[in-house]
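Peer 1: Straight run, no breaks: the sequence shown in this note's numbering ends on number 290. Every residue gets a Cβ at the ideal spot worked out from N, C-alpha and C, and that includes glycine. If you're wondering where the values come from, they're calculated on a predicted model, not measured in any experiment.
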Amino acid sequence: MVINVKYYVITIVAIFLAIGIGIFIGIMLDGQDLIVKQQADILKQVEDRFDEFKIKQDELQESIAQLNNENENNVKFLNTIFPNLVKGRLKDYKVMIIETSEHISYSEIDDTLQQSGVENISKLIIKDKFFTLENDQSEEVEGENTEKLNINQLLNSILTEKNEDIIKKSIEDEIIQLNGQTNMDFDYIILAGEDNESLAVFESIEKPIISFCKDNNMEIVAVEKSNSDISKIKEYKKLGLSTVDNIDTTMGKISLVMLLTGESGNYGQKKTADKVAPQWFKE
8 MVINVKYYVI TIVAIFLAIG IGIFIGIMLD GQDLIVKQQA DILKQVEDRF DEFKIKQDEL
68 QESIAQLNNE NENNVKFLNT IFPNLVKGRL KDYKVMIIET SEHISYSEID DTLQQSGVEN
128 ISKLIIKDKF FTLENDQSEE VEGENTEKLN INQLLNSILT EKNEDIIKKS IEDEIIQLNG
188 QTNMDFDYII LAGEDNESLA VFESIEKPII SFCKDNNMEI VAVEKSNSDI SKIKEYKKLG
248 LSTVDNIDTT MGKISLVMLL TGESGNYGQK KTADKVAPQW FKE
């Protein structure tokens, strides 16, 4: 019987091919087991990290809740002691409030001054129409054409000379709102600035107000609210003013009263503040 060599060759090749396929499949199965194990390890690490993160998050939320609770208690405490703390601190004082915006209410200043015993509170609100007037060629006062009314003329009429014609015309033309007495020996001027990103109001109105008060030896401080979109405290500081940047808070009201008793500095909760509040009232 003749043995076909070709048959043997094919058989041997088939055998080795089968062995190779078996080895390949075995390696693949081992590799898959390894991949599955690696994926399981990674998943376990992620789960562990997530558990750690959740624990830290819970701890952080608990800390925030404690801080909020402490803050609420502090606010309640300040609100409780505030009336007695400031009572009579500004007795016999005469104060003029100048607001450079008709759109922001600073009623907290009035309330603070009243509770502190201020004898006379006057308020000047400069309306938007005043800025339009700045571009007019002239302003008529009692039938006469004069040079346009500027902020210095207005302040001079209200704070020093008491020019009734200019005051009356300004009120009638609705460029200002004026409450209280004028031409008094005011102990302090409180500047409550406008919340506007433009420095136009500061340059044309607030800066001249500050210069006028300083030139006439009038004490002036500036305040703004804690939620003001744009803060002018930096500009006020450059001009040497004492400031309060959170007049809408009880702490801010206390700081204002402390400033009016003779303290100085820049107080509040914004980056421009030097301290939270003065150390105490100046006797």
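May I ask which residues mark the beginning and end of the alpha helix (DSSP H) holding GLU242?
Peer 2: As a first step, residue 242 is located in the sequence shown; it is residue number 235 there, counting from the start. Taken as a continuous stretch (DSSP letters only), the alpha helix (DSSP H) holding GLU242 covers 240-245.
Peer 1: Assuming GLY275 and ASN253 are in contact, meaning their beta carbons sit under 8 Å apart, how far apart are those beta carbons, in whole angstroms?
Peer 2: Here residue 275 refers to the residue found at position 268 when the sequence shown is read from its first residue. Here residue 253 refers to the residue found at position 246 when the sequence shown is read from its first residue. That pair is a contact at about 4 Å.
Peer 1: So what's GLU115 in DSSP terms, helix, strand or just coil?
Peer 2: Position 108 of the sequence shown, counted from the first residue, corresponds to residue 115. In this structure, GLU115 counts as helix in the three-state DSSP scheme.
Peer 1: What are the start and end residues of each continuous beta strand (DSSP E) run of 3 or more residues lying completely inside the segment 179-205, in chain order?
Peer 2: You should have 183-186, 195-199.
Peer 1: Could you pull the start and end residues of the alpha helix (DSSP H) that LYS260 belongs to?
Peer 2: By 1-based counting over the sequence shown, the position of residue 260 is 253. Element bounds for LYS260: 257-267.
Peer 1: CB-CB under 6 Å to GLU213, same chain, minus the five flanking residues each way: which ones, in chain order?
Peer 2: Working through the sequence shown from its first residue, we reach residue 213 at position 206. Hits under 6 Å: THR107, GLY200.
Peer 1: Which term fits VAL283, buried or exposed, when burial requires 16 or more other beta carbons within 10 angstroms of its beta carbon?
Peer 2: For the purposes of this step, residue 283 is identified with residue 276 of the sequence shown, where counting begins at 1. So VAL283 counts as exposed.
Peer 1: Which value, in whole angstroms, describes the spacing of the CA atoms of ASN224 and PHE193?
Peer 2: Working through the sequence shown from its first residue, we reach residue 224 at position 217. Working through the sequence shown from its first residue, we reach residue 193 at position 186. When rounded, the distance between both Cα atoms is 11 Å.
Peer 1: According to DSSP, which residues form a beta bridge with SER249?
Peer 2: As a working note, residue 249 is residue 242 in the sequence shown. SER249 pairs with VAL228.
Peer 1: Where ALA207 and SER233 are concerned, what is the direct C-alpha to C-alpha distance, given to the nearest angstrom?
Peer 2: In the sequence shown, counting from the first residue as 1, residue 207 sits at position 200. In the sequence shown, counting from the first residue as 1, residue 233 sits at position 226. The straight-line gap from Cα to Cα measures roughly 21 Å.
Peer 1: Could you give the distance in angstroms between the alpha-carbon of LYS101 and the alpha-carbon of GLU66?
Peer 2: One-based indexing of the sequence shown puts residue 101 at position 94. One-based indexing of the sequence shown puts residue 66 at position 59. Looking at the two C-alpha atoms, the distance is approximately 52 Å.
Peer 1: Put ILE105 into one of helix, strand or coil per three-state DSSP.
Peer 2: Indexing the sequence shown from 1 puts residue 105 at position 98. DSSP places ILE105 in strand when its eight states are reduced to three.
Peer 1: Evaluate the contact criterion for the segment 82-99 versus the segment 256-268: three or more CB pairs, one atom per stretch, below 8 Å.
Peer 2: Because the criterion of three Cβ pairs below 8 Å is met, the segment 82-99 and the segment 256-268 touch.
Peer 1: Measure the beta-carbon distance from ILE217 to LEU248 and round it to whole angstroms, keeping in mind my assumption that it falls under 8 Å.
Peer 2: By 1-based counting over the sequence shown, the position of residue 217 is 210. By 1-based counting over the sequence shown, the position of residue 248 is 241. Right, the Cβ-Cβ distance comes to about 7 Å (below 8 Å), so this counts as a contact.
Peer 1: Could you tell me which residues DSSP pairs with LYS130 in its beta bridges?
Peer 2: Translated into the one-based positions of the sequence shown, residue 130 becomes position 123. Bridge partners of LYS130: ILE104, ASN186.
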